[in-house]
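Asks: Note that the protein sequences, when read in sequence, are chains A and B. All letters in the first sequence, in the order written, are residues 1 to 440 by our numbering. All letters in the second sequence, in the order written, are residues 1001 to 1440 by our numbering.
There are 2 protein chains.
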Amino acid sequence: MSEIRVGILGLGTIGLGAARILIEQQNLMARRLGKKLILVAAADRSLDRDFGLDLSGVRLTDDANDVVTADDVDLVIELIGGYEPARTFVATAIEHGKHVVTANKALIAKHGEELFPLAENHGVAIGFEAAVGGGIPCLKALREGLAANAVESVYGILNGTCNFILTKMENEGADYAAVLKEAQELGYAETDPTFDVEGIDTAHKLSILASMAFGSKIKFDEVFTEGISKIGAADIEAVAELGYRIKLLGIAKPHCINGEEKVEMRVHPTLVPLSAQLAQVSDSYNAVMISGDFVEHTVYTGRGAGERPTASAVIADVMDIARVASGGVKYLAPPMGYVASERQELATLPMADVQCEYYLRFMVQDESGVIAAIGSILADHHISLEAVSQKERHATQAVAVIMLTHATTEGNLQAAISRITLLASVQEDVLILRKESFGV
Amino acid sequence: MSEIRVGILGLGTIGLGAARILIEQQNLMARRLGKKLILVAAADRSLDRDFGLDLSGVRLTDDANDVVTADDVDLVIELIGGYEPARTFVATAIEHGKHVVTANKALIAKHGEELFPLAENHGVAIGFEAAVGGGIPCLKALREGLAANAVESVYGILNGTCNFILTKMENEGADYAAVLKEAQELGYAETDPTFDVEGIDTAHKLSILASMAFGSKIKFDEVFTEGISKIGAADIEAVAELGYRIKLLGIAKPHCINGEEKVEMRVHPTLVPLSAQLAQVSDSYNAVMISGDFVEHTVYTGRGAGERPTASAVIADVMDIARVASGGVKYLAPPMGYVASERQELATLPMADVQCEYYLRFMVQDESGVIAAIGSILADHHISLEAVSQKERHATQAVAVIMLTHATTEGNLQAAISRITLLASVQEDVLILRKESFGV
């Protein structure tokens, strides 16, 4: 039985998960693959510890360069994370003729456009299923399973930390800061949670999904990104009364404007109808909803993070590559779902031109006429309202006025909001949430 | 650009959908594939009609043999359905060196074990993604995306007709017969609905999923199968009050009993907790939940039938095959997810040995002591109760007594039921529904 020799960079949580599958599941995978996957080497900065796994027979080194240049390694699994030195190690592995599998969304989102051609020139594959949606084989679904479709939209709950926080805020009526602290204590959130809670991780993943869906180049820097740190328990409650739940969504849609194709990409807390499939995805689960012109709506749900689910996706890529290793990567679907020459430099739709429905929360002094004044400015901008509510009335305190609008452009909405915040009785911190409808 | 020449057998709903994608989406698919898919021939018994599609340039014939033996066809899409003549045409196509893609679950479930080796011997591929879950790429997820996992369970809502009927019964409080009639008028159910409503279609699909999940031979004849025709509006209401929804599920699990691997396969109406993802899948949508030892729970949802979704899955298979056509099918994942020599003749777990929790509905004469008598027999069989309810009390009419049991084996439950129906005050038509819990 032929063999594929694997090296791992980074024996953290996911690295050990990948090592565990390669060791414990070797026979099962050989029955599926007709080939043996052998873990021959692993690099980590800290080797003097208990890995909780029998790594005898695996060459351990604290120098990743030993793995990416080793003659006896066919495929390198990069699980260091972050931009550098991951990028340098991956590039070196490719230049040494090794296939690469990674779970590193930051790396692909930021440096994919440099790494894909490098891999193509060296006749090796790059797999990154684990970079989006953790264990869910959603990139494979989009790239291969839905390849006959023009993709009409992608909606994703792509960050388990945010989904965990939002679920807990709703279930416990707790505020953001308290739940974040608890998530950090449980290890569900990093000490510096910025990447997760400010939507950057979701934007990394969305930029990859959008590129694969529409055949465009990856443009992570152009994703409109808002996180969840401004959401309060009161917002979650107010939204629930209107029949919605707040989810941090990544959203991508294609547009054709005056004959020019553009890509809409945005990450923000979103009002999702309680009846939608995505509203049911709770805790640290992820979900991706992909709609195509033939398949209609499809939804993929599963664990978005964690040692074992992420390792499952990593090793699925290893198996795909192992299957074609003897013949060449031309027998694999192209990494981004389109052949390289057909991937286009599509413009990103400016956020000002994006159409949304909005949930607006104004804090106002309860003076008579303030709702009428806000409504009048919105009407000036042709923004019509679906619902208005004002909860409690205190003569001395600011109270929340909540409005749901019908669809308008972001630019128009922001122009109206700028005028509204000039009203003497309206405070400056207007909460603007966007609302989406779904087919399923 | 190299070309793959395609022939279609059967220009019914799905056949026309497949033809439509091949024609309308040709450029998009070429950008993804780097090859052109060309529809060269199509066979149908009835050619003298408006196809609603420009088929000029396509050779139309009323003799399927012309397509399966044609020199200018590389790949045959079989969309005739049923066992014969589909089986003969598929075998002939394979013997003539043509790849085959089919949406025919009956064919694969019944004749797959004969067709797979035939295809392997002739060096051609068989694709059948569309046979299970319609447009959802769930077989690809199981076969490739989760290939690093030992599969722990598969649960599927696999028949859109049944799901449509059950959803409508719940929403309208309507009875089975009335909703079936409406579904037939809308074209959602066949004139003879037996295959759908009696669970046979679901059993076809489940037998394929189970075989792919566990590396066992397909044993459609051994699937325990019960349909939905005995469910009444009152049952749906009673179940809802307990926090459940009835779904027709196909369920497959692996077992190791005294060192022997066995496969549990059953299709029946099932109580699903309202909070479960599968409970949210309504109307004609399908969903498959696959759990693995590394990935944990994953759920795949989408349209389970219909021209366009099913054609999406058919053409995804065509694209997968086209990608490796020049190199050989060894570069594809094996059709059933394990290399042929590793597919085992696993025994099916006898239904009597299957463990379930049960919902029991007894129609009883409201004599004092009857619930105690039933309870006493259940206790004799060590079956403990989670809940008991009796709705209304009429002195002269039979009333429904509903019991939820804790887990017991089907054999034990049936033995107890046989004794209970001997009680003078219990009518014979006991409704037995099974109940499942889910991780998500």
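Heads up, the beta-carbon is just placed ideally off N, CA and C, and yes, glycines get one too. None of the values given here were measured: they were computed from a predicted structure.
Assign A416 of chain A to one of two classes, buried (16 or more other C-beta atoms within 10 Å of its C-beta) or exposed (fewer than that).
Replies: The residue given as residue 416 of chain A occupies position 416 in the first sequence. Residue burial annotation: A416 of chain A is buried, with at least 16 other C-beta atoms found within 10 angstroms of its C-beta.
Asks: State the Cα-Cα distance for the pair M1 of chain A and L1079 of chain B, rounded to the nearest angstrom.
Replies: In the first sequence, residue 1 of chain A corresponds to position 1, counting from 1. In the second sequence, residue 1079 of chain B corresponds to position 79, counting from 1. C-alpha separation (whole angstroms): 37 Å.
Asks: In chain A, which residues lie with their C-beta within 9 Å of the C-beta of M1319 of chain B?
Replies: In the second sequence, the residue the question calls residue 1319 of chain B occupies position 319. Near M1319 of chain B (Cβ distances below 9 Å), the residues of chain A are E144, A147, A148, A333.
Asks: Check this for me: beta carbons of G1112 of chain B and I1231 of chain B, under 8 Å apart or not?
Replies: Taking the second sequence and counting its residues from 1, one reaches residue 1112 of chain B at position 112. Taking the second sequence and counting its residues from 1, one reaches residue 1231 of chain B at position 231. Not in contact: G1112 of chain B and I1231 of chain B (Cβ atoms no closer than 8 Å).
Asks: Classify S216 of chain A as helix, strand or coil using the three-state DSSP reduction.
Replies: Taking the first sequence and counting its residues from 1, the one referred to as residue 216 of chain A is at position 216. S216 of chain A: strand per DSSP, three-state reduction.
Asks: Considering H1255 of chain B, what are the terminal residues of the beta strand (DSSP E) in which it resides?
Replies: Looking up residue 1255 of chain B in the second sequence gives position 255. Note, H1255 of chain B: beta strand (DSSP E), 1244-1257.
Asks: Using the C-alpha atoms, what's the distance from A91 of chain A back to E120 of chain A?
Replies: In the first sequence, the residue the question calls residue 120 of chain A occupies position 120. In the first sequence, the residue the question calls residue 91 of chain A occupies position 91. Distance between the alpha carbons of E120 of chain A and A91 of chain A is about 12 Å.
Asks: Helix, strand or coil: which one does DSSP assign to M319 of chain A?
Replies: To locate residue 319 of chain A, count along the first sequence from 1; it is residue 319. Correct three-state label for M319 of chain A: helix.
Asks: Chain A partners of K1140 of chain B, CB-CB under 8 Å?
Replies: One-based indexing of the second sequence puts residue 1140 of chain B at position 140. Correct list: P137, K140, A141, E144, G145.
Asks: Under 8 Å, do L413 of chain A and I383 of chain A count as touching if we go by C-beta distance?
Replies: Translated into positions along the first sequence, residue 413 of chain A becomes position 413. Translated into positions along the first sequence, residue 383 of chain A becomes position 383. In contact: L413 of chain A and I383 of chain A (Cβ atoms closer than 8 Å).
Asks: Am I right that L9 of chain A and A19 of chain A are in contact with their C-beta atoms under 8 Å? What's the rounded C-beta distance?
Replies: The residue labelled residue 9 of chain A in the question sits at position 9 within the first sequence. The residue labelled residue 19 of chain A in the question sits at position 19 within the first sequence. Between A19 of chain A and L9 of chain A the Cβ distance is about 12 Å, and since that is not below 8 Å, they are no contact.
Asks: Determine, using beta-carbon pairs with one atom in the stretch 190-208 of chain A and one in the stretch 263-281 of chain A, whether at least three such pairs fall under 8 Å.
Replies: yes
Asks: Which residues bound the alpha helix (DSSP H) around N104 of chain A?
Replies: The residue you call residue 104 of chain A lines up with position 104 of the first sequence. Element bounds for N104 of chain A: n/a, residue is neither H nor E.
Asks: Are at least three pairs of beta-carbons, each pair with one atom in the stretch 1130-1148 of chain B and one in the stretch 1232-1246 of chain B, less than 8 Å apart?
Replies: no
Asks: At a Cβ threshold of 8 Å, is E1114 of chain B touching chain A?
Replies: The count along the second sequence starts at 1 and reaches residue 1114 of chain B at position 114. So, not an interface residue.
Asks: Can you tell which of B:S1153, B:I1315, B:Q1280 has its C-alpha closest to the C-alpha of L1102 of chain B?
Replies: For the purposes of this step, residue 1102 of chain B is taken as the residue at position 102 of the second sequence. Note on residue identity: the sequence assigns Thr, not Leu, to residue 1102 of chain B. Of the candidates B:S1153, B:I1315, B:Q1280, the one whose C-alpha sits nearest the C-alpha of T1102 of chain B is B:I1315.
Asks: Counting contacts by CB-CB distance shorter than 8 Å, is P1117 of chain B in contact with chain A?
Replies: Looking up residue 1117 of chain B in the second sequence gives position 117. False, the Cβ-Cβ gap to chain A never drops below 8 Å.
Asks: Which value, in whole angstroms, describes the spacing of the CA atoms of E484 of chain A and T408 of chain A?
Replies: With chain A covering only 1 through 440, there is no way to say anything about residue 484 of chain A.
Asks: Find out if the Cβ-Cβ distance for the pair G1308 of chain B, E296 of chain A is shorter than 8 Å.
Replies: Walking along the second sequence from the start, residue 1308 of chain B turns up at place 308. Walking along the first sequence from the start, residue 296 of chain A turns up at place 296. It is worth fixing the name first, because residue 1308 of chain B is Arg in this sequence and not Gly. Yes, Cβ-Cβ distance for R1308 of chain B and E296 of chain A is below 8 Å.
Asks: So, is I1402 of chain B buried or exposed, given that buried needs 16 or more other C-beta atoms within 10 angstroms?
Replies: The residue you call residue 1402 of chain B lines up with position 402 of the second sequence. Classification of I1402 of chain B: buried, given that the 10 Å Cβ count is 16 or more.
Asks: Would you kindly check if the distance between the Cβ of V1068 of chain B and the Cβ of A1093 of chain B is under 8 Å?
Replies: For this step, residue 1093 of chain B is matched to residue 93 along the second sequence. For this step, residue 1068 of chain B is matched to residue 68 along the second sequence. Cβ distance < 8 Å, so A1093 of chain B and V1068 of chain B count as in contact.
Asks: Along the alpha helix (DSSP H) that carries E1182 of chain B, what are the first and last residues, could you check?
Replies: For the purposes of this step, residue 1182 of chain B is taken as residue 182 along the second sequence, with counting starting at 1. Per DSSP, E1182 of chain B belongs to the alpha helix (DSSP H) from 1176-1186.
Asks: Name the two residues that bound the continuous beta strand (DSSP E) containing T1270 of chain B.
Replies: Taking the first residue of the second sequence as 1, we reach residue 1270 of chain B at position 270. Segment 1260-1273, the beta strand (DSSP E) holding T1270 of chain B.
Asks: List the residues of chain A whose Cβ lies closer than 8 Å to the Cβ of A1316 of chain B, in chain order.
Replies: Counted from its first residue, the second sequence places residue 1316 of chain B at position 316. Annotation: Cβ neighbours of A1316 of chain B in chain A (cutoff 8 Å, chain order): E144, G145, L146, A147, A148.
Asks: What are the boundary residues of the alpha helix (DSSP H) that includes V441 of chain A?
Replies: No statement about residue 441 of chain A is possible, as the shown extent of chain A runs from 1 to 440 and does not include it.
Asks: Given a cut-off of 8 Å, decide if L249 of chain A and Y155 of chain A are closer than it, judged by their beta-carbon atoms.
Replies: The residue given as residue 155 of chain A occupies position 155 in the first sequence. The residue given as residue 249 of chain A occupies position 249 in the first sequence. Yes. Within cutoff.
Asks: What runs of the beta strand (DSSP E), each 3 residues or longer, lie entirely inside the stretch 1027-1112 of chain B?
Replies: 1036-1043, 1059-1061, 1075-1078, 1099-1102
Asks: Sort A:A148, A:E152, A:E410, A:N171 by Cα distance to I246 of chain A and report the nearest one.
Replies: Within the first sequence, the letter at position 246 stands for residue 246 of chain A. Measuring from the Cα of I246 of chain A, the nearest candidate turns out to be A:N171.
Asks: Relative to the C-alpha of G1052 of chain B, which residue among B:G1017, B:T1061, B:A1042, B:D1074 is closest?
Replies: The residue you call residue 1052 of chain B lines up with position 52 of the second sequence. When each option's Cα is compared against that of G1052 of chain B, the closest is B:G1017.
Asks: Whole angstroms are fine: how far does the CA of S1418 of chain B sit from the CA of K1098 of chain B?
Replies: Within the second sequence, numbered from 1, the residue matching residue 1098 of chain B stands at position 98. Within the second sequence, numbered from 1, the residue matching residue 1418 of chain B stands at position 418. Those two C-alpha atoms are separated by around 54 Å.
Asks: From the DSSP output, in three-state form, read off H1382 of chain B for me.
Replies: Counting from 1 along the second sequence, the entry for residue 1382 of chain B is found at position 382. Note: H1382 of chain B maps to coil in three-state DSSP.
Asks: How should N1258 of chain B be labelled, buried or exposed, when 16 other C-beta atoms within 10 angstroms of its C-beta is the threshold for buried?
Replies: What you label residue 1258 of chain B is simply residue 258 of the second sequence in a count that begins at 1. By the neighbour-count rule (16 or more Cβ atoms within 10 Å), N1258 of chain B is not buried but exposed.
Asks: Out of B:A1183, B:V1197, B:F1128, state which residue places its alpha-carbon closest to the alpha-carbon of N1159 of chain B.
Replies: Counting from one through the second sequence, the residue named residue 1159 of chain B turns up at place 159. If we check each option's Cα against that of N1159 of chain B, B:V1197 comes out closest.
Asks: Taking 8 Å as the threshold (beta carbon to beta carbon), is Y244 of chain A in contact with chain B?
Replies: Counting from 1 along the first sequence, the entry for residue 244 of chain A is found at position 244. No - not a single Cβ of chain B is within 8 Å of the one on Y244 of chain A.
Asks: Compute the Euclidean distance between the alpha carbons of P1117 of chain B and A1379 of chain B, then round it to the nearest angstrom.
Replies: In the second sequence, residue 1117 of chain B corresponds to position 117, counting from 1. In the second sequence, residue 1379 of chain B corresponds to position 379, counting from 1. Using only the alpha carbons, I get a separation of about 51 Å.
Asks: Return the chain-ordered list of same chain residues with a C-beta closer than 6 Å to the C-beta of V1388 of chain B, the five sequence neighbours on each side being excluded.
Replies: Counted from its first residue, the second sequence places residue 1388 of chain B at position 388. Excluding residues within five positions, the ones whose Cβ falls inside 6 Å are M1403.
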